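Okay, so here's the structure we're looking at.
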Amino acid sequence: MKVELSIKRFDPDQDEASHTEVYGVEIEPTDRVLDALNQVKWYQDGTLTYRRSCAHGICGSDAMRINGLNRLACKTLIKELGSKISIEPLLGFTVIKDLMVDFDHFFDLYKSVKPYLINYDPTPAKERLQSPEQREAFDDTTKCILCAACTTSCPPFWSDPNFVGPAALVNAHRFIFDSRDQGGAERLEILNGREGVWRCRTVFNCTQACPRDIKITKAIEQIKRLVLFNRV
Ligand code: SF4
Ligand code: F3S
Ligand code: FES
């Protein structure tokens with residue numbers, strides 16, 4: 004099928020503002036948006052810039068706004084979109100070039116919630132065991148691939164870029180609810196601060212955007228209840 008791609012372009016060396024360029028591509032309905040972008044880059048305009056790596060929904064490199072919604076280009080089929088497709092960079096981050104945005108601030112927010120195991124006990128001789136129920140408590144939030152589709156679809160983040168955002172909250176949840184971790188109180192103190200969990204207004208855009216189907220808003224609500232009532 005013939006598809007018209009309208010791609011937002013910006014080259015900081017040449018452009019004062021972004022503009023849209025339109026490309027025609029012949030492609031199968033079962034191909035992905037990433038295949039269409041590759042066709043443009045490989046056969047029409049080699050200057051088109053975007054991140055991609057695994058091409059299988061694992062690395063989190065190619066989140067972008069496709070027909071107005073944040074999605075991974077490598078997981079979005081052409082047949083889901085029709086013959087006119089608009090592609091823009093993620094909102095809320097500085098554009099480096101075309102569809103490539105600057106993730107530095109996103110990773111600073113991620114690091115601010117201590118997304119690693121904290122345990123002050125001496126290292127045990129064997130692994131720290133968990134029951135299936137204990138593992139289940141944070142199973143969903145282990146699935147994050149740090150693509151930023153959630154944080155860049157969140158209106159409170161658009162208006163306050165210092166809000167830690169849903170991706171950092173998901174990764175805080177992953178350790179707060181891990182029975183082996185002892186850093187929950189430290190993280191909850193950070194998340195109870197000015198730029199923490201209370202900036203979330205339960206908009207649900209994050210949950211809709213997540214390519215891993217993580218129940219992000221539910222995880223955030225569990226953090227809120229833990230802060231308020233010390234239970235989930
Ligand atoms: Fe991406 Fe989902 Fe992780 Fe957000 S929670 S960064 S949308 S994988
Ligand atoms: Fe934003 Fe998701 Fe909350 S979109 S407001 S973090 S529910
Ligand atoms: Fe790795 Fe799409 S290229 S998630």
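The sequence shown begins at 4 in the numbering used here and counts up by one. In this text, a Cβ means the ideal position worked out from N, Cα and C, and glycines have one as well. Everything numeric in this text was worked out from a predicted model, so none of it was measured.
Next item on the list: Would you list the residues sitting across from VAL116 in a DSSP beta bridge?
Entry: Answer by DSSP bridge pairing: none, since VAL116 is not bridged.
Next item on the list: Quick one: residues in its chain with C-beta nearer than 7 Å to the C-beta of CYS150, no 5 flanking neighbours on either side, listed in chain order?
Entry: These residues qualify, in order along the chain: GLY63, ALA66, LEU75 and PRO214.
Next item on the list: Quick one: measure Cβ to Cβ for ARG204 and PRO159, integer angstroms, because I've assumed they're closer than 8 Å.
Entry: Going by Cβ atoms, the distance from ARG204 to PRO159 rounds to 6 Å, so yes, they are a contact pair.
Next item on the list: Using the DSSP secondary-structure output, state which residues sit across from LEU75 in a beta bridge.
Entry: For LEU75, which the question treats as bridged, DSSP gives the partners ALA66.
Item checked: Supposed contact pair CYS153 and ALA140 - C-beta distance, whole angstroms, cut 8 Å -> With a contact defined as Cβ atoms closer than 8 Å, ALA140 and CYS153 miss out at about 20 Å.
Checklist line | Enclosing alpha helix (DSSP H) for HIS176 [first to last residue] | finding: Residues 168 to 179.
Margin query: Let's see if you can read the secondary structure: which residues bound the alpha helix (DSSP H) around VAL36?
Written below: Note, VAL36: alpha helix (DSSP H), 36 to 46.
Margin query: Quick check on VAL36 - is its C-beta less than 8 Å from some C-beta in chain B?
Written below: No chain B appears in this structure, which consists of one protein chain only.
Check: If we count the other Cβ atoms within 10 Å of its Cβ and call it buried at 16 or more, is ALA212 buried or exposed?
Finding: By the neighbour-count criterion, in which 16 or more other beta carbons inside 10 Å mark a residue as buried, ALA212 falls on the buried side.
Notebook entry, point to check: So, are the CB atoms of VAL230 and VAL200 less than 8 Å apart?
Noted result: Yes. Within cutoff.
Next item on the list: Give a single yes or no on whether THR155 has its beta carbon closer than 7 Å to a heavy atom of the ligand F3S.
Entry: No, the ligand F3S has no heavy atom inside 7 Å of this Cβ.
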